[in-house]
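One structure is given here, and the rest of the page talks about it.
Residue numbers (this note's numbering): 13 to 102.
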């Protein structure tokens with residue numbers, strides 16, 4: 013996915029319990045490496061799993077530093093420099 017094709021918008025759980033559409037801070041978005049849309053590069057998919065489109069997931073919390081760290085870990089996994097993580101539980 014090209015940088016200009018990547019949406020910076022995502023769904024997040026708000027303080028009142030409602031789901032709202034949020035937009036990633038431009039500085040954070042600019043700091044992220046663009047990653048291939050291939051979950052097998054980042055997750056150990058050896059066991060039974062179900063792939064859910066990202067646009068259907070709702071973030072329960074958003075930490076900007078966590079987003080940057082996750083991007084680095086995913087990049088390292090994709091390059092074979094770090095073990096793949098287990099799939100997320102939703």
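From the three backbone atoms N, C-alpha and C, an ideal C-beta is built for every residue, glycine too. Values in this document were obtained by computation on a predicted structure and should not be read as measured data.
- Exclusion of the five residues before and after residue 89 leaves 54, 96 as the residues of its chain whose Cβ lies within less than 6 Å of its Cβ.
- Of the candidates 20, 41, 22, the residue whose Cα lies closest to the Cα of residue 81 is 41.
- As summarised for the segment 71-99, there are no continuous beta strand (DSSP E) elements at least 3 residues long confined to that stretch.
- Secondary structure note for residue 39: its alpha helix (DSSP H) is the uninterrupted segment 38-43.
- Here residue 25 is near residue 70, since their CB atoms are less than 7 Å apart.
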